[in-house]
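See below for the structure under consideration.
Here you go:
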């Protein structure tokens with residue numbers, strides 16, 4: 005599906021999701037979580053993922069949650085910490101300096117459930 009999927013997503017994103025603020029989760033064809041991110045412009049960010057990353061060819065499913073700026077940054081941080089996606093590396097130093105308990109204690113967050121195969125019981 006690879007190349008055709010990216011072309012289809014390009015058209016879909018251009019028409020549907022300009023300037024959507026969200027946390028997004030990228031999955032491969034086996035349902036493995038490969039990346040978690042946040043953005044103020046979902047369309048532009050996805051076009052970058054689908055064309056300019058080492059894992060572009062792996063993306064099969066994209067899930068996103070519309071959130072405001074503060075909540076999306078907090079939720080992204082916690083989800084990366086909990087799920088440890090294989091292509092997320094930018095927050096590793098921050099994770100080493102903080103514990104999940106401190107993050108949850110300091111931030112009042114709505115509850116979110118990660119759908120990845122690592123977090124969900126089989």
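Numbering (my numbering), first residue to last: 5 to 126. Ideal placement from N, C-alpha and C gives every residue a C-beta, glycine not left out.
Using a Cβ distance threshold of 8 Å, residue 75 and residue 40 do not count as a contacting pair.
Between the alpha carbons of residue 70 and residue 80 lies a gap of roughly 12 Å. For the pair residue 60 and residue 26, the Cα-to-Cα distance works out to about 20 Å. Under the three-state reduction of DSSP, residue 41 is assigned to strand. In the DSSP assignment, residue 70 falls within the unbroken beta strand (DSSP E) covering 65-70. Classified as buried, residue 47 has 16 or more neighbouring CB atoms from the shown chains inside 10 Å of its CB. Cβ atoms of residue 66 and residue 30 come within 8 Å of each other, at about 6 Å.
Of the candidates 72, 22, 35 and 55, 35 places its Cα closest to the Cα of residue 90. Residue 82 sits in a helix when the DSSP states are folded into three classes.
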